[in-house]
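Novice: Sharing a structure, written as structure tokens. Questions coming.
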Amino acid sequence: MAVRKLTLEALARVEGEGSLELSLQDGKVETARLKIFEPPRFFEAFLRGRSLSEVPDIVARICGICPVAYQMSAVHALEQGLGIAVDGPLRLLRRLLYCGEWIQSHVLHIVMLHAPDFLGLPDAIAISRDHRAEVKRALTLKRAGNEILRLLGGREIHPINVRVGGFYRVPTPSELSALREKLEKAGEEAVALLRWVATFPCPECERDYEFVSLRHPSEYPMNEGRLVSSRGLSCLPEEFDAEFEESHLPHSTALYCRLRQRGSYLVGPLARYNLNFDRLSPRVQSLAREAGLSAYCRNPFQSILVRSVEVLFACEEALRLLSLYEPPQGPSVALPAVRGEGHACTEAPRGLLYHRYRFDREGTIEEARIVPPTSQNQSSIEEDLRLWAERHLSEPEERLRNRCEQAIRNYDPCISCSTHFLRLVIRRR
Amino acid sequence: MPARPRLAVWKFASCDGCQLSLLDCEEELLSLAEAVEIGYFLEASRKTLPGPYDLSLVEGSITTPEDAERIREVRRLSQKLVTIGACATAGGIQALRNFARIEEFVSAVYASPEYIRTLERSTPIAAHVPVDFELQGCPVNRLQLLEVISAFLAGRTPAIPRYSVCVECKRAGTPCVLVARGTPCLGPVTHAGCGAICPGYGRGCYGCYGPMETPNTPSLARRWQALGASERDLHRVFRTFNAGAEPFRRESEAHGG
Ligand code: SF4
Ligand code: SF4
Numbered sequence: 002m003a004v005r006k007l008t009l010e011a012l013a014r015v016e017g018e019g020s021l022e023l024s025l026q027d028g029k030v031e032t033a034r035l036k037i038f039e040p041p042r043f044f045e046a047f048l049r050g051r052s053l054s055e056v057p058d059i060v061a062r063i064c065g066i067c068p069v070a071y072q073m074s075a076v077h078a079l080e081q082g083l084g085i086a087v088d089g090p091l092r093l094l095r096r097l098l099y100c101g102e103w104i105q106s107h108v109l110h111i112v113m114l115h116a117p118d119f120l121g122l123p124d125a126i127a128i129s130r131d132h133r134a135e136v137k138r139a140l141t142l143k144r145a146g147n148e149i150l151r152l153l154g155g156r157e158i159h160p161i162n163v164r165v166g167g168f169y170r171v172p173t174p175s176e177l178s179a180l181r182e183k184l185e186k187a188g189e190e191a192v193a194l195l196r197w198v199a200t201f202p203c204p205e206c207e208r209d210y211e212f213v214s215l216r217h218p219s220e221y222p223m224n225e226g227r228l229v230s231s232r233g234l235s236c237l238p239e240e241f242d243a244e245f246e247e248s249h250l251p252h253s254t255a256l257y258c259r260l261r262q263r264g265s266y267l268v269g270p271l272a273r274y275n276l277n278f279d280r281l282s283p284r285v286q287s288l289a290r291e292a293g294l295s296a297y298c299r300n301p302f303q304s305i306l307v308r309s310v311e312v313l314f315a316c317e318e319a320l321r322l323l324s325l326y327e328p329p330q331g332p333s334v335a336l337p338a339v340r341g342e343g344h345a346c347t348e349a350p351r352g353l354l355y356h357r358y359r360f361d362r363e364g365t366i367e368e369a370r371i372v373p374p375t376s377q378n379q380s381s382i383e384e385d386l387r388l389w390a391e392r393h394l395s396e397p398e399e400r401l402r403n404r405c406e407q408a409i410r411n412y413d414p415c416i417s418c419s420t421h422f423l424r425l426v427i428r429r430r
Numbered sequence: 010m011p012a013r014p015r016l017a018v019w020k021f022a023s024c025d026g027c028q029l030s031l032l033d034c035e036e037e038l039l040s041l042a043e044a045v046e047i048g049y050f051l052e053a054s055r056k057t058l059p060g061p062y063d064l065s066l067v068e069g070s071i072t073t074p075e076d077a078e079r080i081r082e083v084r085r086l087s088q089k090l091v092t093i094g095a096c097a098t099a100g101g102i103q104a105l106r107n108f109a110r111i112e113e114f115v116s117a118v119y120a121s122p123e124y125i126r127t128l129e130r131s132t133p134i135a136a137h138v139p140v141d142f143e144l145q146g147c148p149v150n151r152l153q154l155l156e157v158i159s160a161f162l163a164g165r166t167p168a169i170p171r172y173s174v175c176v177e178c179k180r181a182g183t184p185c186v187l188v189a190r191g192t193p194c195l196g197p198v199t200h201a202g203c204g205a206i207c208p209g210y211g212r213g214c215y216g217c218y219g220p221m222e223t224p225n226t227p228s229l230a231r232r233w234q235a236l237g238a239s240e241r242d243l244h245r246v247f248r249t250f251n252a253g254a255e256p257f258r259r260e261s262e263a264h265g266g
């Protein structure tokens, strides 16, 4: 059967790191392939032979938007392998640091990357022409997240203060009280942001995903917990390999991670929210409801609202943590010289991030494995795109492309491929 | 009103952190958007304007045959081209492949290595095209980035000091971790720009801003040895985000393969 390949010439440009290929038959979309051309950087390979103390600095460079997530999954996995636990005030500071990253990464995505799709504008700069006050408030909020990162991490991008065993230095009481003031203000901005986002027109779309996230006995999950799903999965992070498998398809440098039993699944804000709604404070729950969300959300386009709820949660949680903080004995705990293997999952802004390391007695890494959220969502994104594109096939291609871009950005997959013009290839048979 | 200068921001193999420094400018970004015409900055906008561009900022290193082509095109379209960050100026952390066999790297990460097309080496932008200015750092400093942009738009040389991190420690009044605590530190050979963050947090500098001009790495290495650093430690510490920068590459190699 002849395959007709239709390329949108105006968009067929060399730099498109993401492209979408739709194969059509009889007006139906048979497959949607999201191709990711991010050049591979081989972190897992060159981590071999490094010292475990270097790992947090190295893995940060996987992603400039969520370096803390990579650092957190790494230190937890390595500490598990070393057989040590970092508790008390140090654990609290790590959670606080993670709040900072959730705030800055989510606000960046909500305002700079995703909102333009909902408002039909090319970028946040265009939004700021009509909604200057809202954009400015959001930027203030983002800055509050950055303040946390700067204080606890030393800087916003690629923090230098995270180490296996804790930190290099912990903040002073006066530094923390200055932070508290900023966060109180941020809490108000977060409510305003949620209310603003709730006014955006949101497409109707319901999907029956299997949601996967961490679940902690008492907290909304960040650094620890069991791995659970909406279809009954419940396991420890060290059982990741028994439940999930990664494969590699020719069209992408990203790997596809799927549940061995049931295939595609979804991680990220929607999954965390649905599986942990009861872990949010009554105030956050009621503001979420007021914004039009129920306790369980199946509409991927509402992820922008759920992200806003998580920003609100993170501001509230950061203040709660600050009120509980008491200075630790020292900034870090000593590391034993043992060989070991450790696993950890933490909740990156974009979803579950799994790390595994094996190291020898000198602390030299023998093997490293990293499964980022984007590879776990890859199959779900493609299924969304297949359904979504099919529903809008009759529209002009420019419009169709915009719709598909918006659907991809629901996942905040990673900034480079999510914001690059989508090259749309339609194969008709 | 004269036409505003047209700015472009390009990405090659990178973590996006250096471009994010620009988005982190928050309010300054809105004013920048008024001062220049953003012609191409996909991380911020889907609207693109055709070249030529008055100023191109380039993030990332060259790691694929396609990217080696693309950087030539970018150069052709750009009046001035400035590289930002260790990936673009030295090949970045991904340049560690330059010291290994690439096939082993590919098969360590991918189940089906035959699907991956990549170059043996990760190389800086200046290895491919002429570059007007290099701003070091992993990531670059946001304020320095703004300074470079304003300088180029005004047609002057950017005021980026070429001294070491040590000078920044002195300026900040941070006690020297090397002298006071005997903590190994790369500050004496590392390019300034970060504001000496690590010593301020009680840790030694690990060189993420890359080599300063004419660094005396052998003498610093002897200092580290006196503090108990092994050959292996020295080999590793010069081989990170700026492993491809000549002085660091040489010093790393002096301490074993
Ligand atoms: S230089 Fe560092 S921060 Fe900048 S893009 Fe490269 S890895 Fe990221
Ligand atoms: S490693 Fe050195 S150059 Fe990098 S932030 Fe720390 S002190 Fe600055």
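Protein chains in written order, with this note's numbering: chain A, 2 to 430; chain B, 10 to 266. Even for Gly, the Cβ is constructed at its ideal location relative to N, Cα and C. Bear in mind the structure is a predicted one, so any value in this text is a computation, not a measurement.
Less than 6 Å between C-beta atoms, sequence neighbours within five positions excluded: which residues of the same chain meet that for phenylalanine 247 (chain B)?
Specialist: To locate residue 247 (chain B), count along the second sequence from 1; it is residue 238. Closer than 6 Å at the Cβ level, and outside the excluded window around phenylalanine 247 (chain B), lie Phe257, Glu260 and Ser261.
Novice: I'd like the list of long-range same chain contacts for asparagine 147 (chain A), defined as Cβ closer than 6 Å, with 5 residues on each side in sequence excluded.
Specialist: By one-based count along the first sequence, residue 147 (chain A) stands at place 146. Counting only Cβ-Cβ distances below 6 Å, and skipping sequence neighbours, we find Gln105 and Glu157.
Novice: Let me see if you follow: with CB-CB separation under 8 Å, is phenylalanine 245 (chain A) close to chain B or not?
Specialist: Counted from its first residue, the first sequence places residue 245 (chain A) at position 244. False, the Cβ-Cβ gap to chain B never drops below 8 Å.
Novice: Any idea what DSSP makes of serine 261 (chain B), helix, strand or coil?
Specialist: As a position in the second sequence, residue 261 (chain B) is number 252, starting the count at 1. Note: serine 261 (chain B) maps to helix in three-state DSSP.
Novice: Using a beta-carbon distance below 8 Å, is alanine 230 (chain B) in contact with chain A?
Specialist: In the second sequence, residue 230 (chain B) corresponds to position 221, counting from 1. No, no contact with chain A.
Novice: Examine ligand 1 and report whether any of its heavy atoms sits within less than 7 Å of the Cβ of proline 41 (chain A).
Specialist: By one-based count along the first sequence, residue 41 (chain A) stands at place 40. No, ligand 1 has no heavy atom inside 7 Å of this Cβ.
Novice: Can you pull the chain A residues whose beta carbon is under 9 Å from the beta carbon of proline 184 (chain B), in chain order?
Specialist: Along the second sequence, read from residue 1 onward, the residue named residue 184 (chain B) stands at position 175. The contacting residues do not exist; proline 184 (chain B) stays about 13 Å from chain A at best.
Novice: For my contact list, glycine 219 (chain B) and glutamine 145 (chain B) are in at a C-beta cut-off of 8 Å; report their separation, rounded to the angstrom.
Specialist: Locating residue 219 (chain B) in the second sequence gives position 210, counting from the first residue. Locating residue 145 (chain B) in the second sequence gives position 136, counting from the first residue. Yes, glycine 219 (chain B) and glutamine 145 (chain B) are in contact; Cβ-Cβ is about 5 Å, under 8 Å.
Novice: Do you know offhand how far alanine 292 (chain A)'s Cα is from proline 40 (chain A)'s?
Specialist: Numbered from 1 along the first sequence, position 291 holds the residue referred to as residue 292 (chain A). Numbered from 1 along the first sequence, position 39 holds the residue referred to as residue 40 (chain A). One C-alpha to the other measures close to 39 Å.
Novice: What are the boundary residues of the beta strand (DSSP E) that includes arginine 15 (chain B)?
Specialist: Against the second sequence, residue 15 (chain B) aligns to sequence position 6. First-last of the beta strand (DSSP E) with arginine 15 (chain B): 15-20.
Novice: When the cut-off is 8 Å and only beta carbons count, does glutamine 103 (chain B) lie next to chain A?
Specialist: Your numbering for residue 103 (chain B) matches position 94 in the second sequence. It does: the Cβ of glutamine 103 (chain B) has a partner Cβ on chain A nearer than 8 Å.
Novice: Taking the C-alpha atoms as reference points, what is the distance between threonine 249 (chain B) and arginine 144 (chain A)?
Specialist: Along the second sequence, read from residue 1 onward, the residue named residue 249 (chain B) stands at position 240. Along the first sequence, read from residue 1 onward, the residue named residue 144 (chain A) stands at position 143. The alpha-carbon atoms of threonine 249 (chain B) and arginine 144 (chain A) are separated by roughly 29 Å.
Novice: Give the DSSP-derived three-state secondary structure of isoleucine 93 (chain B) in the structure shown.
Specialist: In the second sequence, residue 93 (chain B) corresponds to position 84, counting from 1. If DSSP states are grouped into helix, strand and coil, isoleucine 93 (chain B) belongs with the strands.
Novice: At least one CB of chain B closer than 8 Å to the CB of phenylalanine 302 (chain A): is that the case?
Specialist: For the purposes of this step, residue 302 (chain A) is taken as the residue at position 301 of the first sequence. Answer no: the Cβ-Cβ gap between phenylalanine 302 (chain A) and chain B never drops below 8 Å.
Novice: Assign glycine 155 (chain A) to one of three DSSP states: helix, strand, or coil.
Specialist: The residue given as residue 155 (chain A) occupies position 154 in the first sequence. Coil at glycine 155 (chain A), not helix or strand.
Novice: Tell me the rounded alpha-carbon separation between serine 395 (chain A) and cysteine 206 (chain A).
Specialist: Translated into the one-based positions of the first sequence, residue 395 (chain A) becomes position 394. Translated into the one-based positions of the first sequence, residue 206 (chain A) becomes position 205. The straight-line gap from Cα to Cα measures roughly 18 Å.
Novice: List, in order along the chain, the chain B residues whose C-beta lies closer than 7 Å to that of isoleucine 104 (chain A)?
Specialist: If you number the first sequence from 1, residue 104 (chain A) lands on position 103. Simply none; closest approach about 13 Å.
Novice: Can you determine whether any heavy atom of ligand 1 sits closer than 7 Å to the C-beta of glutamate 102 (chain B), and answer yes or no?
Specialist: Along the second sequence, one-based indexing puts residue 102 (chain B) at 93. Reading off the sequence, residue 102 (chain B) comes out as isoleucine, not glutamate. Because some heavy atom of ligand 1 lies under 7 Å away, the Cβ of isoleucine 102 (chain B) counts as near it: yes.
Novice: Can you find a CB in chain B that lies within less than 8 Å of the CB of leucine 12 (chain A)?
Specialist: As a working note, residue 12 (chain A) is residue 11 in the first sequence. Confidence at leucine 12 (chain A) is low in this model, with a pLDDT of 26, below 50, so the placement of that residue should be treated as unreliable; the coordinate-derived value is given next. Answer no: the Cβ-Cβ gap between leucine 12 (chain A) and chain B never drops below 8 Å.
Novice: Confirm, please, whether the CB-CB distance from aspartate 25 (chain B) to glutamate 52 (chain B) is below 8 Å.
Specialist: For this step, residue 52 (chain B) is matched to residue 43 along the second sequence. For this step, residue 25 (chain B) is matched to residue 16 along the second sequence. Yes; because the gap between Cβ atoms is below 8 Å, this pair is in contact.
Novice: Would you tell me roughly how many angstroms separate the C-alpha atoms of leucine 271 (chain A) and leucine 97 (chain A), rounded to the nearest one?
Specialist: Reading the first sequence from its first residue, position 270 is the one you call residue 271 (chain A). Reading the first sequence from its first residue, position 96 is the one you call residue 97 (chain A). Looking at the two C-alpha atoms, the distance is approximately 21 Å.
Novice: Is the beta carbon of histidine 159 (chain A) within less than 7 Å of some heavy atom of ligand 1?
Specialist: As a working mapping, residue 159 (chain A) is identified with position 158 in the first sequence. Yes - ligand 1 has a heavy atom lying nearer than 7 Å to the Cβ of histidine 159 (chain A).
Novice: With distances taken from CA atoms, which of A:Asn378, A:Arg351 and A:Ile305 is nearest tryptophan 197 (chain A)?
Specialist: The residue labelled residue 197 (chain A) in the question sits at position 196 within the first sequence. Cα-wise, what sits closest to tryptophan 197 (chain A) is A:Ile305.
Novice: Does chain B have any CB closer than 8 Å to the CB of cysteine 405 (chain A)?
Specialist: The residue you call residue 405 (chain A) lines up with position 404 of the first sequence. No, no contact with chain B.
Novice: Any chance the CB of valine 26 (chain B) is under 7 Å from a heavy atom of ligand 2?
Specialist: Along the second sequence, one-based indexing puts residue 26 (chain B) at 17. The sequence given here places glycine at residue 26 (chain B); valine does not occur at that position. Flag unset: Cβ of glycine 26 (chain B) not near ligand 2.
Novice: If you run the structure through DSSP and keep just helix, strand and coil, what is glutamate 52 (chain B)?
Specialist: In the second sequence, residue 52 (chain B) corresponds to position 43, counting from 1. Here glutamate 52 (chain B) sits in coil by DSSP.
Novice: Consult DSSP for glutamine 26 (chain A) and reduce its assignment to one of helix, strand or coil.
Specialist: Position 25 of the first sequence, counted from the first residue, corresponds to residue 26 (chain A). DSSP places glutamine 26 (chain A) in strand when its eight states are reduced to three.
Novice: Name the one or two DSSP bridge partners that threonine 132 (chain B) has.
Specialist: Taking the first residue of the second sequence as 1, we reach residue 132 (chain B) at position 123. BP columns for threonine 132 (chain B) point to B:Ile71.
Novice: Return the residues of the stretch 63-83 of chain B that lie within a Cβ-Cβ distance of less than 7 Å from chain E, sorted by chain order.
Specialist: This model lacks chain E altogether, as its protein chains are A and B.
Novice: Look up tyrosine 62 (chain B) in the DSSP assignment and say whether it is helix, strand or coil.
Specialist: Reading the second sequence from its first residue, position 53 is the one you call residue 62 (chain B). In the structure shown, tyrosine 62 (chain B) sits in a strand (DSSP, three-state: E or B).
Novice: Counting only Cβ pairs nearer than 7 Å, list the residues of chain B close to tyrosine 412 (chain A).
Specialist: Stepping through the first sequence from its first residue, residue 412 (chain A) is reached at position 411. Within chain B, no residue comes near tyrosine 412 (chain A); the closest Cβ sits about 16 Å away, beyond 7 Å.
Novice: I want to see whether chain A comes within less than 8 Å of glutamate 129 (chain B), judged by CB atoms only; does it?
Specialist: The count along the second sequence starts at 1 and reaches residue 129 (chain B) at position 120. Chain A, which has no Cβ nearer than 8 Å to the Cβ of glutamate 129 (chain B), makes this no.
Novice: Applying a beta-carbon distance threshold of less than 7 Å, which residues of chain B neighbour serine 52 (chain A)?
Specialist: For the purposes of this step, residue 52 (chain A) is taken as the residue at position 51 of the first sequence. Result: Arg245.
Novice: Determine, using beta carbons only, whether leucine 195 (chain A) and leucine 48 (chain A) come nearer to each other than 8 Å.
Specialist: Translated into positions along the first sequence, residue 195 (chain A) becomes position 194. Translated into positions along the first sequence, residue 48 (chain A) becomes position 47. Cβ atoms of leucine 195 (chain A) and leucine 48 (chain A): not closer than 8 Å.
Novice: For glycine 167 (chain A), name the three-state secondary structure that DSSP assigns.
Specialist: As a first step, residue 167 (chain A) must be located in the first sequence, where it is residue number 166. Of the three classes helix, strand and coil, the one that applies to glycine 167 (chain A) here is strand, per DSSP.
Novice: Of all the residues that make up the stretch 133-144 of chain A, which are near chain B by a beta-carbon distance shorter than 7 Å?
Specialist: Correct list: Leu140, Lys143 and Arg144.
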